[in-house]
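Trainee: The following block contains the structure, expressed as structure tokens.
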Amino acid sequence: MSGANRGDRAAGSEGAGASRAARAVARVEHLIKGPVWGCQMCGQCVLHSTGLTCPMTCPKTLRNGPCGGVRPNGHCEVKPEMRCVWLKAYERSERLPLWRGHIDDLRPPVDNTLEGTSSWINLISGRDRQVPAGWMADADVEP
57 MSGANRGDRA AGSEGAGASR AARAVARVEH LIKGPVWGCQ MCGQCVLHST
107 GLTCPMTCPK TLRNGPCGGV RPNGHCEVKP EMRCVWLKAY ERSERLPLWR
157 GHIDDLRPPV DNTLEGTSSW INLISGRDRQ VPAGWMADAD VEP
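Taking the working numbering, the leading residue of the sequence shown gets 57, the next gets one more, and so forth.
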């Protein structure tokens, strides 16, 4: 989904008014988080636990740490000109005392049906905490 359209998908199957409101919130969220943190509007924001680095900017969209293909210079194996997103996340998380330990949290797979929706709305409604059936029943898993 292109960056311009990421905030256009409505959250859930609410009525037309709620759908318009959800789209408006998603647009505002994208306008704020996109330029500041490179938000990709996955609908399941984990910025606080990744040193305010969006893991979805990783070319492999990995949400649980580096892939193992990090080059000796700290750059990405897929995009050699790009510094590894997860190295940045780790370094930045060290500077956030409140959330420093969250970098090690296990995050569930991305629910692609939430792409383009507001993570703020999904957090309040609990949609961001739903995990695939059979994945893990651990209530302490970070969305």
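Here a beta-carbon is modelled for each residue, glycine too, at the ideal position from N, C-alpha and C.
So, are the CB atoms of residue 94 and residue 114 less than 8 Å apart?
Mentor: Cβ atoms of residue 94 and residue 114: not closer than 8 Å.
Trainee: Can you look up residue 119 in the DSSP assignment and give me helix, strand or coil?
Mentor: The answer is coil: DSSP assigns residue 119 none of H, G, I, E or B.
Trainee: With a threshold of 16 other CB atoms inside 10 Å of the CB of residue 188, please say whether the residue is buried or exposed.
Mentor: Exposed: under 16 other Cβ atoms inside 10 Å.
Trainee: May I have the straight-line CA-CA distance separating residue 210 from residue 103, to the nearest angstrom?
Mentor: Lying before the first or after the last residue shown, residue 210 is absent from the chain, which here runs from 57 to 199.
Trainee: Is the beta carbon of residue 98 less than 8 Å from the beta carbon of residue 170?
Mentor: Cβ distance < 8 Å, so residue 98 and residue 170 count as in contact.
Trainee: If you count every other CB in all the chains shown that lies within 10 Å of the CB of residue 221, and 16 or more means buried, which is it?
Mentor: Outside the displayed span of the chain (57 to 199) sits residue 221, for which this structure offers no information.
Trainee: By a C-beta neighbour count over all protein chains shown, 10 Å radius and 16 as the cutoff for buried, is residue 160 buried or exposed?
Mentor: Exposed, since its Cβ has fewer than 16 Cβ neighbours within 10 Å.
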